[in-house]
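Quick note on numbering: full-length UniProt numbering labels position 86 of the sequence shown as 86, and the sequence is numbered without any gaps. Yeah, the Cβ is synthetic: ideal placement off N, Cα and C, and Gly gets one too. Bear in mind that the values here come from a model prediction, so they are computed numbers and not experimental data.
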Amino acid sequence: PYLSQLQKHCRAPTTLNLKLGAQVLLLKNIDVAKGLVNGSRGVVVDFEKSLPVVTFEAVSTSASVTRLIGREEWSVEIGGKKVARRRQVPLRLAWAISIHKSQGMTIDFLEMDLGSVFEYGQAYVALSR
1 PYLSQLQKHC
11 RAPTTLNLKL
21 GAQVLLLKNI
31 DVAKGLVNGS
41 RGVVVDFEKS
51 LPVVTFEAVS
61 TSASVTRLIG
71 REEWSVEIGG
81 KKVARRRQVP
91 LRLAWAISIH
101 KSQGMTIDFL
111 EMDLGSVFEY
121 GQAYVALSR
């Protein structure tokens with residue numbers, strides 16, 4: 001039961017296959033001061049010791065940030081004791097994002113499919129990025 005609870009709360013995919021140039025999304029806050037927060041988008045630019053080096057887009061700073069992304073821990077605690085844990089690189093592939101996720105972003109180039117728009121104003125949000 002603990003494993004299923006852990007899987008439910010861990011947003012990282014069970015298997016993560018990355019290669020150079022892969023578009024990724026950060027799943028945990030790892031350096032708030034540098035803008036490396038949950039939802040930051042980046043590109044895999046290298047690997048060191050089987051871990052990805054990612055260049056993240058500049059959001060709150062004027063320059064992009066390149067950083068080695070190590071494994072992070074997700075855990076389930078009961079009564080202050082860890083009963084299950086998982087360590088994984090806190091990334092997921094991000095070749096596509098939802099309209100809701102794009103809200104507030106500035107995107108220089110995009111391709112979109114408006115065939116599945118289901119809320120009033122969604123197309124406007126997508127087209128105004």
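Best match in the options for proximity to residue i [C-alpha to C-alpha]
i, options, result
"L20", "N38, S50, Y2, D46", "D46"
"residue 145", "V65, S128, I69", "No answer is possible for residue 145: the residues shown for the chain start at 1 and end at 129."
"G39", "A33, K101, F118, Q122", "K101"
"F118", "F109, S98, P13", "S98"
"E48", "T15, T66, A33", "T66"
"E57", "R41, L68, S4", "R41"
Paired residues, beta bridge with residue i - DSSP
i, result
"T55", "V43, T66"
"Q122", "Partner(s): none; Q122 has no beta bridge."
"A84", "V76"
"D31", "L36"
Environment of residue i [buried if 16+ CB atoms lie within 10 Å]
i, result
"P90", "buried"
"I78", "exposed"
"L27", "buried"
"V24", "buried"
"A126", "buried"
CB contact check: residue i to chain C, cutoff 8 Å
i, result
"V43", "Here there is only one protein chain, and chain C is not present."
Sequence-distant residues of its chain with Cβ nearer than 6 Å to residue i (five each side left out)
i, result
"E73", "R85, R87"
"V83", "Y2, V76"
"I30", "L36"
"L18", "V44, P52"
"C13", "Reading the sequence as shown, one finds Pro at residue 13 and not Cys. For P13, where only same-chain residues beyond five positions count, the Cβ hits under 6 Å are R92."
DSSP three-state assignment for residue i, whether helix, strand or coil
i, result
"V37", "coil"
"L91", "strand"
"L114", "helix"
"L18", "coil"
"L25", "strand"
Cβ neighbours of residue i in the same chain (closer than 7 Å, five flanking residues each side left out)
i, result
"R71", "R87, Q88, V89"
"L51", "L68, I69, G70, V89"
"S64", "T55, F56, E57, A58"
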